[in-house]
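Undergrad: Its first residue numbered 15, the sequence shown is counted upward by one per residue in this note's numbering.
So that we are looking at the same thing, I have put the structure below in structure tokens.
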Amino acid sequence: MAALPMSASVLPRTVSIVLLLAIGVLAARVTWQIVEPQIRPPVSIEIRSDPGPAADREPSESPLAHVAGLALFGELGTPADPAPVVAPETRLRLRLLGLMAGDHPERGWAIIAEGGSQERLYTVGDTIAGQARLHQIHADRVILERDGRLETLRLPRADGNSGAVAGASPRAAAAAPAARGQPSLQRSEWLGDPERLMQAVQARPIIRAGELHGVELRPVRNAREFRQAGLQAGDVITSVNGIPLSAIDDIDRLLQDLAGQSRVDIVLERNGQSISLGIQLLD
Numbered sequence: 015m016a017a018l019p020m021s022a023s024v025l026p027r028t029v030s031i032v033l034l035l036a037i038g039v040l041a042a043r044v045t046w047q048i049v050e051p052q053i054r055p056p057v058s059i060e061i062r063s064d065p066g067p068a069a070d071r072e073p074s075e076s077p078l079a080h081v082a083g084l085a086l087f088g089e090l091g092t093p094a095d096p097a098p099v100v101a102p103e104t105r106l107r108l109r110l111l112g113l114m115a116g117d118h119p120e121r122g123w124a125i126i127a128e129g130g131s132q133e134r135l136y137t138v139g140d141t142i143a144g145q146a147r148l149h150q151i152h153a154d155r156v157i158l159e160r161d162g163r164l165e166t167l168r169l170p171r172a173d174g175n176s177g178a179v180a181g182a183s184p185r186a187a188a189a190a191p192a193a194r195g196q197p198s199l200q201r202s203e204w205l206g207d208p209e210r211l212m213q214a215v216q217a218r219p220i221i222r223a224g225e226l227h228g229v230e231l232r233p234v235r236n237a238r239e240f241r242q243a244g245l246q247a248g249d250v251i252t253s254v255n256g257i258p259l260s261a262i263d264d265i266d267r268l269l270q271d272l273a274g275q276s277r278v279d280i281v282l283e284r285n286g287q288s289i290s291l292g293i294q295l296l297d
């Protein structure tokens, strides 16, 4: 089904679509190992201290490892090899929804929710729900420190009835007219502040036939600015500049390409319809 076109021009400043899409793809692939463990086994996402040029990286290296190696949270010194940590399962009402582990347990980040509350992004040393401190981050779990004791919080194992993965959207019976808008984005907005973005936008992977189909985006805050970008809550981004999200294997290159462009073209699904949206990138 052909995508319905939408116009592109200039609106007030809002979030950076460049970082938003990068985090969206990142969140989708990190979360994917949680909600689809039987389709693909969990993978360890390694943050390398010195990623080096793209030509020098091993072909098997995850593209997320290189994004993580960009030191979004700053550089840490190289500590001595850590001793194994033995910690019982925590009894706190916390859920580990996603994580990115580094080459040392003190690097990376984790997405944790308390009970049914909104998830938040944490790094080592942060206090979680006023009850525990994030002590270490591993490939499949995090270590918490509570009252001087260490406890383990693991990634959940989804079952076939989890309902965490959205099914296929029904095709629209008829094409609706394209929405009128003048979407644009300030290129430099929120660059270098991924925690603020993660707290402002929810990204959820949409899996179809065992493959990543797209990323569903919803604003957690600043919904007005989200709309100014031409986006609506529940939009599923399926391609960027003609490249399906499932085919994006080098996010760093995508960011570099977008950094030199004045416009980004995305295809999204909205209410069962495919819509083409052009967004101006402002300096």
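The beta-carbon is built from N, C-alpha and C at its ideal position, and this holds for glycine as well.
Quick caveat, the model's predicted, so the values are computed rather than measured.
Quick check on the burial criterion: 16 or more other C-beta atoms within 10 angstroms. Buried or exposed for Ala261?
TA: So Ala261 counts as exposed.
Undergrad: Assuming Ser288 and Val281 are in contact, meaning their beta carbons sit under 8 angstroms apart, how far apart are those beta carbons, in whole angstroms?
TA: 6 angstroms
Undergrad: Are Thr104 and Glu165 touching if we call contact CB-CB under 8 angstroms?
TA: yes
Undergrad: Taking the beta strand (DSSP E) that Gly122 belongs to, which residues open and close that run?
TA: From DSSP, the beta strand (DSSP E) with Gly122 extends over 122-128.
Undergrad: Cα-Cα, which of Val250, Asn285, Ala243 is closest to Glu230?
TA: Val250
Undergrad: Can you tell me the Cβ-Cβ gap for Met142 and Leu113, rounded? I've got them flagged as a contact below 8 angstroms.
TA: As written in the sequence, residue 142 is Ile, which differs from the Met given in the question. About 13 angstroms; that fails the 8 angstroms criterion.
Undergrad: By Cβ distance below 7 angstroms, which residues in the same chain neighbour Arg284 in space, the five residues on each side in sequence not counted?
TA: Gln246, Asp249
Undergrad: Note down the Cα distance separating Pro26 from Arg238, rounded to an integer number of angstroms.
TA: Any reading at Pro26 is ruled out, since the residue's pLDDT is 31, under 50, leaving its predicted position unreliable.
Undergrad: Does DSSP classify Ala261 as helix, strand or coil?
TA: helix
Undergrad: Could you tell me which residues DSSP puts in a beta bridge with Glu103?
TA: Thr166
Undergrad: Verify whether the separation of the beta carbon atoms of Arg160 and Gln150 is less than 8 angstroms.
TA: no
Undergrad: Which residues bound the beta strand (DSSP E) around His152?
TA: Taken as a continuous stretch (DSSP letters only), His152 belongs to no beta strand (DSSP E), as it is neither H nor E.
Undergrad: Just reading off the beta strand (DSSP E) that Ser253 is part of, what are its end residues?
TA: Run containing Ser253: 249-254, per the beta strand (DSSP E) assignment.
Undergrad: Taking the beta strand (DSSP E) that His227 falls in, what are its first and last residues?
TA: 225-233
Undergrad: Among the residues of its own chain, which have a CB less than 6 angstroms from the CB of Glu133, if the five just before and after it don't count?
TA: Leu111, Ile125, Ala127
Undergrad: Quick one: what does DSSP say Ala237 is sitting in, helix, strand or coil?
TA: helix
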